[in-house]
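One structure below.
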Amino acid sequence: MDTKILSGLDASKALFGGLVARIDHLKSKGVTPGLAAVLVGENPASEIYVRNKTKKFESLGLKSDLFRLSKDVEETELLKLIEDLNNNNEIHGILVQLPLPKHIDSEKVLNAISPTKDVDGFHPENAGLLSIGKPRFVPCTPKGIMFILKHFNVDLNGKHVVVIGRSNIVGRPISILSSLKTLGNATVTLCHSGTKDLKYFSKQADVLIAALGSPEFVDASYIKDGACLIDVGINRIEKDGKSRIVGDVNQESVTGIASSLTPVPKGVGPMTIAMLVENTVLSAELLLN
Ligand code: GUN
12 MDTKILSGLD ASKALFGGLV ARIDHLKSKG VTPGLAAVLV GENPASEIYV
62 RNKTKKFESL GLKSDLFRLS KDVEETELLK LIEDLNNNNE IHGILVQLPL
112 PKHIDSEKVL NAISPTKDVD GFHPENAGLL SIGKPRFVPC TPKGIMFILK
162 HFNVDLNGKH VVVIGRSNIV GRPISILSSL KTLGNATVTL CHSGTKDLKY
212 FSKQADVLIA ALGSPEFVDA SYIKDGACLI DVGINRIEKD GKSRIVGDVN
262 QESVTGIASS LTPVPKGVGP MTIAMLVENT VLSAELLLN
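Residue 300 is where the sequence shown ends in this note's numbering, and the numbering goes up by one at each step.
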C-alpha cells in the first residue's frame, strides 16, 4: 500500500491563505492582532518554539511581544506581568511557554491568564467549554490535527480514533474534539501509561494519534493495515553520532502499511503555530464583535 504523506506544512499554508482576509478586515477596523509570549528560563527547546511562534506573527504583519524572564524569577513577578498583559488592549493573546521552572506553580499561572486572551486554550474555563461541546479557544496542537484531517479529507464520522497519551495539551482535548458530533463524531479510545495491552487497542484504530512523547514508539506491530497515523512527537535523539528529531512513530516501520501518515518534521508542528495565529485572530474578532 502507498502511504500518503499528510503534510502539515501544506495544510498550514492553506490555513494562512484563509486568515489573510480576516486579518485585513481587522486591520481595516484599526485592530492588529497581538500576541504576548512569555518565556521563563533558558530551556533550549522552548527558546526555539517561542522564536518560531513570534517569527510567524511578524511575517504575517501581526504584533508579537516576547517577554523573557530569568529562571529564578519570583512567581509574584510573573503573575504581575500576566495581570498587566490582561489589561493591555493591544494584546489579544497571552502564551506562557511550558514547562515552567519547578518553583513556579504552573496551574496558578495558567489560571491567571484572562480566559478571553487564553489562545493556548489551557484555562479551565476554555477546557470546560470544550468538554461541554462549546469550544472557544481550543489548544493549538489538537486544533491543528483536526485541520490536517479535514484538509486531507480523512473523515472521522463513525470511525475508531485511538489516542495514546492523556495530556491536557494534546491527548485529552483531541479525544474530546474527535468525539464531538459536529466536529468528528468518532468513537474514541484514550490510552495512556496505565493501559494494559496497548496493542489490543491501537490495532483497532482507523486513526491512531500518537502523543505519548516516546521516540519512535509506535511501529508496524501497533497498527492495522490501512490506518491513518497522526504523529505528534517531537523528540531529539542521538543516532549515528548525530542529533536528529524524530516523532512518536517509527516512520520507516509503518510505511507501506499505514494508508497515511503525518511526517516529522513538517507534520503536526507547523499546524500548532498556525493555530496559535488563528486563535489570536479569533480573540481579536471576538473583542471587536
Ligand atoms: N509546551 C509544549 N507545547 C506547548 C504549547 O502548545 N503551548 C505552550 N504554552 N507551551 C507548550
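Yeah, the Cβ is synthetic: ideal placement off N, Cα and C, and Gly gets one too.
Given the structure is predicted, the values throughout are model-derived calculations rather than measurements.
Burial state of residue i (16 or more Cβ within 10 Å)
{"i": "Thr291", "result": "buried"}
{"i": "Thr283", "result": "buried"}
{"i": "Tyr60", "result": "buried"}
{"i": "Ser213", "result": "buried"}
{"i": "Ile175", "result": "buried"}
{"i": "Val31", "result": "exposed"}
{"i": "Gly258", "result": "buried"}
{"i": "Gly72", "result": "exposed"}
{"i": "Leu297", "result": "exposed"}
{"i": "His114", "result": "exposed"}
{"i": "Thr273", "result": "buried"}
{"i": "Lys119", "result": "exposed"}
{"i": "Gly205", "result": "exposed"}
{"i": "Leu299", "result": "exposed"}
{"i": "Thr193", "result": "exposed"}
{"i": "Glu227", "result": "buried"}
{"i": "Gly45", "result": "buried"}
{"i": "Ser186", "result": "buried"}
{"i": "Gly19", "result": "buried"}
{"i": "Ile156", "result": "buried"}
{"i": "Ala56", "result": "exposed"}
{"i": "Thr152", "result": "buried"}
DSSP beta-bridge partners of residue i
{"i": "Val288", "result": "According to DSSP, which records beta bridges pairwise, Val288 is partnered with nothing at all."}
{"i": "Lys253", "result": "Lys250"}
{"i": "Lys15", "result": "Ser271"}
{"i": "Ala48", "result": "Leu77, Leu106"}
{"i": "Ile220", "result": "Val174, Ile241"}
{"i": "Thr200", "result": "Val173"}
{"i": "Val229", "result": "Val260"}
Span separating the alpha-carbon of residue i from that of residue j
{"i": "Val288", "j": "Val84", "result": "28 Å"}
{"i": "Pro184", "j": "Val279", "result": "15 Å"}
{"i": "His103", "j": "Tyr233", "result": "42 Å"}
{"i": "Pro110", "j": "Ser117", "result": "8 Å"}
{"i": "Thr43", "j": "Leu92", "result": "21 Å"}
{"i": "Asn379", "j": "Asp131", "result": "Shown here, the chain extends from 12 to 300; a query on residue 379 therefore has no answer."}
{"i": "Ser270", "j": "Lys154", "result": "22 Å"}
{"i": "Val260", "j": "Lys161", "result": "21 Å"}
{"i": "Pro281", "j": "Lys207", "result": "33 Å"}
{"i": "Asn173", "j": "Asp242", "result": "The residue you asked about is not Asn; residue 173 is Val in the sequence shown. Distance between the alpha carbons of Val173 and Asp242: 12 Å."}
{"i": "Val211", "j": "Ile143", "result": "Note on identity: in this sequence residue 211 is Tyr, with Val being the wrong assignment. Near 29 Å, if we compare the C-alpha coordinates of Ile143 and Tyr211."}
{"i": "Asn246", "j": "Lys40", "result": "42 Å"}
{"i": "Ala123", "j": "Glu94", "result": "7 Å"}
{"i": "Leu167", "j": "Asn196", "result": "6 Å"}
{"i": "Lys64", "j": "Leu26", "result": "15 Å"}
{"i": "Glu69", "j": "Asn100", "result": "19 Å"}
{"i": "Met286", "j": "Ile105", "result": "14 Å"}
{"i": "Asp217", "j": "Ser189", "result": "12 Å"}
{"i": "Lys170", "j": "Gly52", "result": "43 Å"}
{"i": "Pro135", "j": "Leu37", "result": "28 Å"}
{"i": "Arg33", "j": "Leu90", "result": "32 Å"}
{"i": "Ser81", "j": "Lys15", "result": "44 Å"}
Extent of the continuous beta strand (DSSP E) run through residue i
{"i": "His171", "result": "171 to 175"}
{"i": "Asp242", "result": "239 to 242"}
Any non-hydrogen atom of the ligand PLP within 7 Å of residue i CB
{"i": "Val107", "result": "For the ligand PLP, the structure offers nothing, since it holds only the ligand GUN."}
Where the alpha helix (DSSP H) through residue i begins and ends
{"i": "Gly19", "result": "19 to 39"}
{"i": "Val265", "result": "262 to 265"}
{"i": "Leu209", "result": "209 to 213"}
{"i": "Leu188", "result": "182 to 190"}
Item checked: Length-filtered (3 minimum) beta strand (DSSP E) runs lying within the stretch 58 to 98 -> 74 to 80
Next item on the list: Could you tell me which uninterrupted alpha helix (DSSP H) segments, each at least 4 residues in length, are contained entirely in the stretch 115 to 176, listed from first to last along the chain?
Entry: 117 to 123, 135 to 142, 151 to 162
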